[in-house]
Amino acid sequence: MEIVTICSTKGGVGKTTISYNFGEWLAANGNQVLLIDLDQQCNLSQLYGLESTSNNIGNLFDKLNDEEMSVYHTTSENIDIIPGYKKLHRLIANIETDPHKYFFLFRWFRKNYETVKKYDYVIVDCHPSFDTLVKNAVAVSDVLFCPITPTEHGYDAKFTFMDDFVEYKESEAIDMSTEESYVRAKVYYIGNMVKHNTESSRNFLKIIENNPEVIAVLPNRELFNRSTLEHTPLVKMERSDESKYKRYASTYKEIDAEFKKMLEAFNH
Ligand SMILES: Nc1ncnc2c1ncn2[C@@H]1O[C@H](COP(=O)(O)OP(=O)(O)O)[C@@H](O)[C@H]1O
Ligand SMILES: [Mg+2]
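The letter at position 65 of the sequence shown is residue 58 when you use the numbering used here, and the numbering goes up by one with no holes.
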């Protein structure tokens, strides 16, 4: 089992779009995938029509409720999900004084190991922040994918994220007895929404060109918008018989190659 958290302190950089399309791509290629929606906007859950189920991530963070949280099977083959919860921020406010506040998700994984061990990949979609909630995801992760986009501030976000991450790893998530960090995640960046004909994209590509932490670059393609609007991942468009999806063959190929590069992050 590999756990990947898709996070960034910036909104609108493609976290949910990548969680969905990369997750579905892994599933379509024969992997068992568990999606976890940690964003109270519940955009990922909405893609599966599961934005208001009572079995949701809130049960895990709710100290006043011992209702068990279980995984939810979706109608997509090989994909299960733990849906999001719209009032999650209120529950997080309640745990801020708990000494184990960063390890709620960690404990759930340990307790439910028999259930979760069947998954080849767990993908955690986050809200734009590096708060207690995201730190819970980081504490269980093998890998973090941080989307960065070719705007002036988009590239800055890479560095603010790294500062937060290092502080958390080296100062907060420390086992007092061994003085070692609980955080084992490796951080990688995914260039996203990259155009080929704009000045900002050209500059961006130049900057990331020789940076081994940037492991993939996803192009700016209208098809990504379409995939979320139509609740259909690119990999299913590619394999569909519908003529409306046929003309995007070169885009599918292009993205397939980038997703393969993202997969390699687990073997580094
Ligand atoms: N590579 C891409 N090309 C074109 N549009 C994209 C791409 N990635 C994401 N988008 C669009 O950008 C918007 C924000 O994406 P989203 O995944 O919701 O971001 P986040 O989860 O980081 O807030 C959405 O409308 C989405 O369809
Ligand atoms: Mg999102």
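Positions of the beta carbon are idealized from the N, C-alpha and C atoms, including for glycine.
Assignment of S170 by DSSP, reduced to helix, strand and coil, places it in the coil class.
If you check the C-beta of N36 against ligand 2, you find a heavy atom less than 7 Å away. If you compare the alpha carbons of E251, L31 and M(-6) with that of S1, the shortest gap goes to L31. In terms of CA proximity to S134, A178 leads the group T108, E165 and A178.
Taking 8 Å as the cut-off, the Cβ atoms of L227 and I248 count as close. Between V(-3) and P140, the C-beta gap is not smaller than 8 Å, which leaves the two residues out of contact. Rounded to the nearest angstrom, the gap between the Cα atoms of Y112 and T67 is 14 Å. Within the same chain, T10, Y13, N14, P226, L227 and M230 come within 8 Å of S220 by CB-CB distance, once the 5 residues on both sides are set aside. Per DSSP, I248 is not a residue of any beta strand (DSSP E); the alpha helix (DSSP H) it occupies stretches across A242 to E257. Contact between V136 and Y181 holds: CB atoms are separated by about 6 Å, below the 8 Å threshold.
The continuous stretches of alpha helix (DSSP H) do not include L137, which lies in the beta strand (DSSP E) extending over residues V136 to I141.
Within the model, the alpha-carbon separation for T142 versus E235 is close to 31 Å. Under DSSP, the beta-bridge partners assigned to H66 are D73. Under the criterion of beta carbons closer than 8 Å, F54 and I85 qualify as touching, at roughly 6 Å. Buried is the label assigned to E17, since at least 16 other Cβ atoms lie within 10 Å of its Cβ.
With distances taken between CA atoms, I(-1) lies nearest to I29 out of G23, I29 and S233.
DSSP places M(-6) outside both helix and strand once states are collapsed to three, so it counts as coil. Under the three-state reduction of DSSP output, G51 falls in the helix class. Of the other Cβ atoms in all chains shown, fewer than 16 fall within 10 Å of the Cβ of G4; this residue is therefore exposed.
Residue pairing of K8 in beta bridges, as defined by DSSP: absent, with no partner found. In the three-state reduction of the DSSP assignment, K229 falls in the helix class, which pools H, G and I. Given a length threshold of 4 residues, each whole run of the alpha helix (DSSP H) inside the stretch 79 to 129 is given here in chain order: 81 to 88, 97 to 104 and 106 to 109. Contact between A132 and L98 holds: their C-beta atoms lie close to 7 Å from each other, under 8 Å. In the three-state scheme derived from DSSP, where H, G and I count as helix and E and B as strand, N22 is classed as coil.
Taking C-alpha positions only, I75 is separated from L37 by approximately 10 Å. At a cut-off of 7 Å, the beta-carbon of V6 counts as near ligand 1: some heavy atom of the ligand is closer than that. Looking at the DSSP output, D30 bridges to D118. Distance from the CA atom of K104 to the CA atom of K253, rounded to whole angstroms, is 32 Å. Excluding its 5 nearest sequence neighbours in each direction, N213 has C-beta neighbours in its own chain below 7 Å: M186, V187 and K188, listed in chain order.
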